[in-house]
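**Student:** Sharing a structure here in structure tokens format.
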Amino acid sequence: MSYHLQTRGPAYRWWRPLLGAAVLVAVGFALLATFSVFTAAISESTDQRWEMVLSFGAIAVTLPAVFAAARFGEHRGPGTVSSVDGRLRWRWLAECTGWAVAAFAAATVVDLLLGAGWDGTGWPGLPAYLSIVALTLLLVPFQAAAEEYVFRGWLLQAFGAWLRTPWPGAVLSSVAFVATHGYTSAPILAELFVFAMILCWLTVRTGGLEAAIGLHAINNIATMVLAGGAPIPDQSTVTATWGDAVLIAAPSILYAWIADLRYRRRTARPAPVPPPG
Numbered sequence: 001m002s003y004h005l006q007t008r009g010p011a012y013r014w015w016r017p018l019l020g021a022a023v024l025v026a027v028g029f030a031l032l033a034t035f036s037v038f039t040a041a042i043s044e045s046t047d048q049r050w051e052m053v054l055s056f057g058a059i060a061v062t063l064p065a066v067f068a069a070a071r072f073g074e075h076r077g078p079g080t081v082s083s084v085d086g087r088l089r090w091r092w093l094a095e096c097t098g099w100a101v102a103a104f105a106a107a108t109v110v111d112l113l114l115g116a117g118w119d120g121t122g123w124p125g126l127p128a129y130l131s132i133v134a135l136t137l138l139l140v141p142f143q144a145a146a147e148e149y150v151f152r153g154w155l156l157q158a159f160g161a162w163l164r165t166p167w168p169g170a171v172l173s174s175v176a177f178v179a180t181h182g183y184t185s186a187p188i189l190a191e192l193f194v195f196a197m198i199l200c201w202l203t204v205r206t207g208g209l210e211a212a213i214g215l216h217a218i219n220n221i222a223t224m225v226l227a228g229g230a231p232i233p234d235q236s237t238v239t240a241t242w243g244d245a246v247l248i249a250a251p252s253i254l255y256a257w258i259a260d261l262r263y264r265r266r267t268a269r270p271a272p273v274p275p276p277g
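Quick note: the sequence shown uses our numbering, first residue 1, plus one each step.
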């Protein structure tokens with residue numbers, strides 16, 4: 001069964017995605033409330049490292065809500081949100097992550113060749129920067145995975161259950177994804193929508209969230225690491241030109257091409273020949 005139709009199992013009823021949404025929201029808010037209680041002591045801190053814990057951690061802790069929505073709202077295996085195999089395909093995720101690193105490394109080299117540079121603004125010193133990198137590597141994979149499970153996973157499948165095609169759900173979930181960010185610059189909003197649609201296409205094309213998680217995690221990690229430890233800016237104040245948006249989208253497009261090529265090669269492998277007799 002195609003990825004976007006995973007909700008349409010034996011227990012499917014038209015109202016189950018609605019019940020799943022209620023479970024998702026209820027469990028998500030409960031997890032956020034619990035997280036807020038445990039982080040109340042640092043909520044007023046201006047240290048960027050604590051800000052990272054609050055912003056990325058608040059998203060990451062909602063991940064179990066997706067599994068609860070699938071299990072208790074839609075009466076299906078939580079693994080069906082991960083992939084058509086009913087589980088997260090770890091080897092494929094590892095390969096996708098490697099290709100995402102390669103794509104963003106290539107984009108960084110091109111930026112440097114084109115004269116891009118860093119003026120050292122906001123440099124916190126090496127020890128603080130290394131701690132920021134460590135927190136980024138620890139938190140961002142879970143933050144990115146949580147967003148993928150919600151937007152490219154559960155939400156895409158919910159619309160797919162009703163409409164039998166993934167693309168209206170892809171557009172609607174991408175709009176919702178953009179709306180959860182605070183950007184106001186038109187080029188950035190457009191690039192973010194393209195990024196979300198690439199993630200949707202990869203999910204449908206490869207039958208799971210692994211390729212999307214790999215891209216999303218490395219995109220966010222690269223952004224934080226290459227910022228050189230500068231404070232996280234208010235998204236509403238960030239601006240970009242249309243040319244900037246194209247350059248930002250380039251590594252994601254390159255990665256999508258590579259991931260599609262690799263997936264086609266993986267699935268085109270011939271079946272093993274049974275022994276004679």
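Glycine included, C-beta positions come from ideal geometry on N, C-alpha and C. Please read all numbers here as calculations on a predicted model, not as lab measurements.
By Cβ distance below 6 angstroms, which residues in the same chain neighbour residue 1 in space, the five residues on each side in sequence not counted?
**Tutor:** None.
**Student:** Nearest by alpha-carbon distance to residue 52: which of 210, 132, 267, 211 is it?
**Tutor:** 132
**Student:** Going by DSSP in three states, residue 208 sits in which element: helix, strand or coil?
**Tutor:** strand
**Student:** Kindly provide the ranges of any alpha helix (DSSP H) runs that are 4 or more residues long and lie completely inside the segment 37 to 113, ordered along the chain.
**Tutor:** 48 to 60, 63 to 68, 90 to 113
**Student:** From the DSSP output, in three-state form, read off residue 151 for me.
**Tutor:** helix
**Student:** How would you label residue 99, buried or exposed, when you count the other beta carbons within 10 angstroms and need 16 or more for buried?
**Tutor:** buried
**Student:** Do residue 134 and residue 60 have their beta-carbon atoms positioned less than 9 angstroms apart in this structure?
**Tutor:** no
**Student:** Identify whether residue 264 lies in helix, strand or coil by the three-state DSSP scheme.
**Tutor:** helix
**Student:** With respect to the alpha helix (DSSP H) encompassing residue 171, which residues constitute its N-terminal and C-terminal limits?
**Tutor:** 167 to 179
**Student:** If you check the beta carbons only, do residue 192 and residue 204 fall under 9 angstroms apart?
**Tutor:** Contact flag unset, no.
**Student:** Is it buried or exposed, residue 216, if we count other Cβ atoms within 10 angstroms and call 16 or more buried?
**Tutor:** buried
**Student:** Taking just the CA atoms, how far does residue 196 sit from residue 158?
**Tutor:** Taking the straight line joining both Cα atoms gives about 17 angstroms.
**Student:** Alpha carbon to alpha carbon, how far is residue 239 from residue 77?
**Tutor:** 42 angstroms
**Student:** Between the segment 1 to 10 and the segment 157 to 177, are three or more C-beta pairs nearer than 8 angstroms?
**Tutor:** yes
**Student:** If residue 251 and residue 30 are in contact, beta carbons under 8 angstroms, what's the gap, nearest whole angstrom?
**Tutor:** In fact, because the Cβ distance is near 37 angstroms, the residues do not count as touching under 8 angstroms.
**Student:** Where do the ends of the alpha helix (DSSP H) carrying residue 157 lie?
**Tutor:** For residue 157, the enclosing alpha helix (DSSP H) covers residues 156 to 163.
**Student:** Are the CB atoms of residue 176 and residue 155 within a distance shorter than 9 angstroms?
**Tutor:** yes
**Student:** Using the three-state DSSP reduction, which class does residue 213 fall into: helix, strand or coil?
**Tutor:** The answer is helix: DSSP assigns residue 213 an H, G or I state.
**Student:** So, with DSSP's three-state summary, where would you put residue 239?
**Tutor:** Taken through DSSP and simplified to helix, strand or coil, residue 239 comes out as coil.
**Student:** Between the alpha carbons of residue 246 and residue 80, how many angstroms are there, rounded?
**Tutor:** 34 angstroms
**Student:** Keeping to the same chain, check which residues put their C-beta closer than 6 angstroms to that of residue 8; ignore five residues upstream and five downstream.
**Tutor:** 161
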